[in-house]
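Here's the structure we're looking at; comments come further down.
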Amino acid sequence: MTIELLPLLKNVCAGDESAWLTLKNDFLEKKLSAEEQTQVYLYIKQAAKTNVVAIYIHALLYDHGFGTKQDSEMAFLLMRAAAAEGHSAATFEVGRRFLYGIGIERNLESAFQWLTMTATSPHYHPAAMYHLGLMYEQGLGVPRDPAKAKEWQDKAREKGFKIV
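For what it's worth, our numbering labels the leading residue of the sequence shown as 951, then goes sequentially.
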C-alpha cells in the first residue's frame, strides 16, 4: 500500500467524511491503480471485522464497485450489519433500500420501521425524516396523511436536509 493511502484509510475508518469523499473521488477520477484499489478494498474489509464505520464503508465499496465487483445485495447485507451496530447512516440506508428495493425486495413496512428508527433516534438522520414524509405524502405502506407528510418534511428541513 502506498504511504499516502494509509493515513487516508485510517481517517476513513475513523468516520472522517471528508476522507471518505477524497477516497471516493480518487476512485471516480481513476487516480488509483488496480493494485491500489484492491489494497483499499482489503484494508477496509479487514478493518470491518472490528470497526462499525469500516463495515459501512465496506458496504459503500460494494455499492459503487470500488476495488471489488459492484454488488447491491452484498452492500445491503453490510449496511444492515452496520445498522445493527448503531451506525445512523447505515440505518437510514437500510430503510431507503427497503423503500426502493435496492439490493433487497421492496418492503414498505420494513422501510417505515427502519426510517422511523433513524429519524427518531438521538443520532437522527434528516434524510430519513424526509423519506418518512414522502411515505405519508404518497401513502407508501402507511395511510396517506398530508399533515404528517408536512410535519416530517418540515423536521427534515429544520435539521438541514435540502430538498432539491
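We treat Cβ as the ideally placed atom computed from N, Cα and C, and that holds for glycine.
The ligand COA heavy atom lying under 6 angstroms from the CB of residue i
i	result
Glu-954	This structure lacks the ligand COA, and indeed carries no ligand of any kind.
Coil, strand or helix - residue i by DSSP
i	result
Thr-1068	helix
Gly-1045	helix
Lys-1112	coil
Arg-1107	helix
Pro-1093	coil
Gly-965	coil
Glu-1055	coil
Cut-off 6 angstroms between Cβ atoms - residues of its own chain near residue i, not counting five sequence neighbours on either side
i	result
Pro-1096	none
Leu-1065	Gly-1045, Ala-1078, His-1081, Leu-1082
Ala-1031	Ile-1005
Contacting residues, own chain, Cβ-Cβ under 7 angstroms from residue i (five flanking each side not counted)
i	result
Val-962	Ala-969, Trp-970, Leu-973, Ile-1007
Integer Cβ distance of residue i from residue j, believed to fall under 8 angstroms
i	j	result
Ala-1069	Glu-1087	Wrong, their Cβ atoms sit about 15 angstroms apart, outside the cutoff.
Leu-1127	Gln-987	Missing from the structure shown is residue 1127; the chain here goes from 951 to 1114 and no further.
- Query: With a cut-off of 8 angstroms, do at least 3 Cβ pairs link the stretch 1032–1046 to the stretch 1014–1021?
  - Reply: The stretch 1032–1046, when compared against the stretch 1014–1021, does not touch it at the 8 angstroms Cβ threshold.
- Message: Report the start-end ranges of each alpha helix (DSSP H) in the stretch 976–1051 that is 4 residues or longer and not cut off at the edges.
- Response: Note on the stretch 976–1051: whole alpha helix (DSSP H) runs with a minimum of 4 residues are 984–997, 1002–1014, 1022–1034, 1038–1050, in chain order.
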